[in-house]
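In this note's numbering, the protein residues as written are 1 to 100.
Encoded structure:
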């Protein structure tokens with residue numbers, strides 16, 4: 001079972017790295033970073049579940065980590081909507097320098 005979960009996590013990580021290297025849009029970059037976070041979390045929880053005793057509950061750890069990831073996505077989407085309403089373009093190939 002651990003082999004399948006580890007293979008899935010590595011595949012998700014590969015998809016995220018491919019998305020990071022091919023896309024230049026802000027939302028796609030944020031989603032790829034989130035996918036990297038999720039794949040590492042999946043691998044962490046699977047190793048925790050494989051090596052834990054009866055006292056540890058991996059589901060509790062998984063829910064806690066995913067709630068933090070969900071909060072991260074909500075913050076990123078809120079930031080995107082706010083900046084989009086201000087008329088900012090998020091294509092990073094068009095950015096020449098950071099302006100405050």
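Think of the CB as a built atom: it goes at the ideal place given N, C-alpha and C, for glycine as much as any other residue.
A Cβ-Cβ separation of about 16 Å leaves residue 59 out of contact with residue 2 under the 8 Å criterion. Following the DSSP letters along the chain, one finds residue 28 inside the alpha helix (DSSP H) bounded by residues 26 to 51.
For residue 90, there is no enclosing alpha helix (DSSP H), as DSSP gives it neither H nor E. With a beta-carbon spacing of about 15 Å, residue 6 and residue 36 fall beyond the 8 Å limit used to define contacts. In this structure, residue 43 lies away from residue 18, with their beta-carbon atoms at least 9 Å apart. Burial check for residue 39: the Cβ neighbour count within 10 Å reaches 16 or more, so the residue is buried. Around the Cβ of residue 67, a 10 Å sphere holds fewer than 16 other Cβ atoms; the residue is exposed.
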